[in-house]
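For reference, the structure is listed below as structure tokens.
Number of protein chains: 2
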Amino acid sequence: MELDDRKKRVLQAIVDDYVATNEPVGSKSLIERHNFQVSSATLRNDMAELEKLGFIEKPHTSAGRVPSDRGYREYVDSLMKIDTLSAREQEEIEANISGTVDEAAELIKSATHTLSETTGFVSLSMSPRLRKSFLKQIKILMIEPGKALVVLVLSAGVVKDKIVRIPNFLTDEQMIKLSGAIEKNLMGKPLDEITLVTVESAAKDTEIPNPLLKQVLYEAYTAIKQADQLSIYLEGEHKMLAFPDFSSLGRARDLLGTLSDSGMVAGYVNEMENQAASSGKKDSYMIRIGQEITLEGLDDCSFITATYNMGDTVSGNIGVIGPKRMDYSRVISKMDFVKRKLNEELKKLT
Amino acid sequence: MELDDRKKRVLQAIVDDYVATNEPVGSKSLIERHNFQVSSATLRNDMAELEKLGFIEKPHTSAGRVPSDRGYREYVDSLMKIDTLSAREQEEIEANISGTVDEAAELIKSATHTLSETTGFVSLSMSPRLRKSFLKQIKILMIEPGKALVVLVLSAGVVKDKIVRIPNFLTDEQMIKLSGAIEKNLMGKPLDEITLVTVESAAKDTEIPNPLLKQVLYEAYTAIKQADQLSIYLEGEHKMLAFPDFSSLGRARDLLGTLSDSGMVAGYVNEMENQAASSGKKDSYMIRIGQEITLEGLDDCSFITATYNMGDTVSGNIGVIGPKRMDYSRVISKMDFVKRKLNEELKKLT
DNA sequence: TGTTGGCACTCGAAAGCGGTGAGTGCTAAT
DNA sequence: ATTAGCACTCACCGCTTTCGAGTGCCAACA
Chain A
1 MELDDRKKRV LQAIVDDYVA TNEPVGSKSL IERHNFQVSS ATLRNDMAEL EKLGFIEKPH
61 TSAGRVPSDR GYREYVDSLM KIDTLSAREQ EEIEANISGT VDEAAELIKS ATHTLSETTG
121 FVSLSMSPRL RKSFLKQIKI LMIEPGKALV VLVLSAGVVK DKIVRIPNFL TDEQMIKLSG
181 AIEKNLMGKP LDEITLVTVE SAAKDTEIPN PLLKQVLYEA YTAIKQADQL SIYLEGEHKM
241 LAFPDFSSLG RARDLLGTLS DSGMVAGYVN EMENQAASSG KKDSYMIRIG QEITLEGLDD
301 CSFITATYNM GDTVSGNIGV IGPKRMDYSR VISKMDFVKR KLNEELKKLT
Chain B
351 MELDDRKKRV LQAIVDDYVA TNEPVGSKSL IERHNFQVSS ATLRNDMAEL EKLGFIEKPH
411 TSAGRVPSDR GYREYVDSLM KIDTLSAREQ EEIEANISGT VDEAAELIKS ATHTLSETTG
471 FVSLSMSPRL RKSFLKQIKI LMIEPGKALV VLVLSAGVVK DKIVRIPNFL TDEQMIKLSG
531 AIEKNLMGKP LDEITLVTVE SAAKDTEIPN PLLKQVLYEA YTAIKQADQL SIYLEGEHKM
591 LAFPDFSSLG RARDLLGTLS DSGMVAGYVN EMENQAASSG KKDSYMIRIG QEITLEGLDD
651 CSFITATYNM GDTVSGNIGV IGPKRMDYSR VISKMDFVKR KLNEELKKLT
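Protein chains in written order, with this note's numbering: chain A, 1 to 350; chain B, 351 to 700.
Listed below in structure tokens is the structure:
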């Protein structure tokens, strides 16, 4: 069911106009704004057809047409051409990302911030998926009797730590010995291959009494497992209130309510990433429109994400959430640029 | 200009009714709901008086009265009696705070969460003011050539760390020696007494070449200074949208916009704390109502904070932001209870 | 077969309008 | 100082009217 050329143009024009004006667009105004070489009656016929095919719909009988989710989908998949950013825009983004920050987490946060600023939407980032990164160092520092700090240094330059409880009577020297033994045996292992058993066997050849060992090893293990937990960072939620699309208090509340459940959002982003990966994605971005999003209250939103990389095995996501009535071309090109800059900067860190 | 007894009762009744119904309250309905032993005409006179004194005002000529900021102020300062929580409420709060968490930051976060849940408002917490805490340990861990991790252990059981850049050719042993020297000299010092000079002189008696030293010391110093920077955590912003008081999109946007600037909010909380401290506060809570709040868009809110303590010298704040048309008594008693529980749990940690 | 002008029809948005009722201030009597 | 009474105000509700952009359909045309 291919659309003929003019129908494509019509759909494209409807999306463009609707995005620009937030008014349902009618056959007359289409003729005025774009120079189709046909009459409004002809367009009316085309529009009726497009509606039958599910690309557009009318809010009520006597109004213009509005793109449906499917219409937007067609638009982003084959109608729009991605535009390039002006030099000034590029500079602005670059200035914000390539700052003085040289910790990966800070860098990612600054990219997220820039993304929200430049698009005016909600932006988000997922922490890097560290499962596949490997342990470069693990140190257990005695803080005081009964309390220690486990410090993990991972490939890709990430450092994680966790305060843990340990048996009171463990001495400083025992701890150093133990820490060394664990490190020697786990060094170079990817996080997802480390199990409690691995950790326990790593400390076999120390002569520390077993009952003391047990707890420390378990805590070290939890510290490692905690390191590869995903977390999400969201920014600019309030900006959604600026869009007429959410001027109904109810919608706005649902939306912000859902976004406040960061675990849920994180899960969804993760799902998107997995789907894209398993379907052999070709694009540099992933996109979900309106009802395609399974999160409550995001029916009027679009969700666009991209993947950043830290080294060969570690990656994460950045993304934006905006009204589905958005200028997809601009947003995507902006996100793409932010992503590329972020990747460049991350590479410098390693 | 003291209010006579009945006028006090009238003001109190107006606040109570208005909080409960969100409708301007008139003389007739006052008579109905409360049993004043006088006629509505008498109350009208009293109300006219109260209005002249600035405690109440009318939204428009032919409507009932609404408390002014000054009215609320009078109410919280001398009219309301703080009620006690039911056993069930106490249990609910206790269950949420005294969890398995045993890191101070986590504990504070969980208290903040509970606060938002139980009040239905925005809640917030400030990180502990660590200026007065003293250094228990400082370790500099070599991560890889050119990169190290500075780990600070502070009194009150707080651990902070920061990744820093160091000269490439600094060896592991040099680092250990240096780290030891710094620690020996700085141990026990309150953070706010540590200056760059202190740090530099702490490393005098190592035989490491000066140019190498300089950068490390500077980085150690910045790590220390960074540790006592204040940060704020906000939760439940979206809940504000549930209140009819912010049903105008414009107000809601202003409010959430302001709250999203966490630096600004943190500054304000800090200011509140300082004012309270310097004026010899008596209450266990601080409160700002409506226009008293100097943040933009919070004219219809009240801001209530309390202070939590970690050890003798370190403290921070928790608080809530809700519509100024709130049940002050309940909110205050809840916050007070959360604070007490939090303090108990924090004490266990040290 | 695709295109066009014409026309009756639809329906939301905006504007106008009168009634209702809770509330007020004022005054004169208690 | 308190009260009953009364005229007045004004937001709110529901109703009707008008307006106009937009539609679907039809008959005519290339």
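Quick reminder that beta carbons are idealized off the backbone N, C-alpha and C, glycines included.
Note that the structure is a prediction, hence the values are computed from the model and not measured.
| Item | Value |
| --- | --- |
| Length of the line joining the Cα atoms of T294/A and T305/A | 15 Å |
| P409/B, buried or exposed, once every other Cβ within 10 Å from all chains shown has been counted against 16 | exposed |
| The alpha helix (DSSP H) enclosing G640/B, as first and last residue numbers | Looking at the DSSP string, G640/B is not in any alpha helix (DSSP H), and its letter there is neither H nor E. |
| Selection of the region 138-157 of chain A by Cβ proximity to chain B, strictly under 8 Å | K139, L141, I143, E144, K147, L149, V151, V153 and G157 |
| Residue nearest to M361/A in terms of C-alpha spacing, selected from S29/A, T21/A and Y268/A | Outside the displayed range of chain A (1 to 350) lies residue 361/A, so it cannot be described from this structure. |
| Cβ pair A454/B, L696/B closer than 8 Å | yes |
| Contact list for R253/A against chain B, beta-carbon separation under 8 Å | H588, L591 and A592 |
| beta-carbon R420/B near the ligand PLP non-hydrogen atom, thresh 7 Å | Ligands in the displayed structure: none, and consequently the ligand PLP is not present. |
| CB contact below 8 Å: S597/B versus chain A | yes |
| Cutoff 8 Å; reference D172/A; Cβ partners in own chain excluding five residues on either side | M142 |
| C-beta contact flag for M80/A and Y328/A at 8 Å | yes |
| Of the listed residues D611/B, V375/B and G421/B, nearest to E642/B (C-alpha basis) | G421/B |
| Chain B contact residues for S260/A, given Cβ-Cβ distances below 9 Å | E585, G586, E587, H588 and K589 |
| Chain-ordered neighbours of D511/B on chain A, where CB pairs are closer than 9 Å | L149, V151, V159 and D161 |
| Every unbroken alpha helix (DSSP H) inside the region 263-348 of chain A [4 residues or more] | none |
| Collapsed DSSP secondary structure at A602/B in the structure displayed | helix |
| Within chain A, the residues that G607/B reaches when beta carbons sit closer than 7 Å | H238 |
| 7 Å Cβ cut-off: residues of chain B touching E103/A | I513 |
| Residue of E74/A, I31/A, R33/A and N35/A minimising C-alpha distance to L11/A | E74/A |
| Closest Cα partner of S179/A within the set V159/A, I140/A, D192/A and I318/A | I140/A |
| Euclidean distance between Cα positions of D17/A and T307/A | 31 Å |
| Extent of the continuous beta strand (DSSP E) run through M175/A | Premise fails: M175/A lies in the alpha helix (DSSP H), D172 to L186, not in any beta strand (DSSP E). |
| Nonlocal neighbours in the same chain, by C-beta distance under 6 Å from K281/A, ignoring five residues either side | none |
| C-beta contact flag for S133/A and V15/A at 8 Å | no |
| For M354/B, three-class secondary structure by DSSP | The amino acid occupying residue 354/B in the given sequence is Asp; Met does not appear at that position. Reduced to three states, the DSSP call for D354/B is coil. |
| Cβ shell of R394/B (< 6 Å), same chain only, five flanking positions each side left out | S377 |
| Cβ-based neighbour list, A626/B, same chain, cut-off 6 Å, excluding 5 preceding and 5 following | M636 |
| DSSP-derived helix/strand/coil call for E23/A | coil |
| At least 3 beta-carbon pairs within less than 8 Å: the region 680-694 of chain B vs the region 437-453 of chain B | yes |
| Residues bridged to Q487/B [DSSP beta-bridge criterion] | V503/B |
| Pair within 8 Å by beta-carbon distance, R675/B and F653/B | no |
| Extent of the continuous alpha helix (DSSP H) to which E441/B belongs | A437 to I447 |
| Of the listed residues T545/B, D427/B, S428/B and G404/B, nearest to S418/B (C-alpha basis) | G404/B |
| Per-residue burial, G613/B [other beta carbons within 10 Å of its own, 16 or more giving buried] | exposed |
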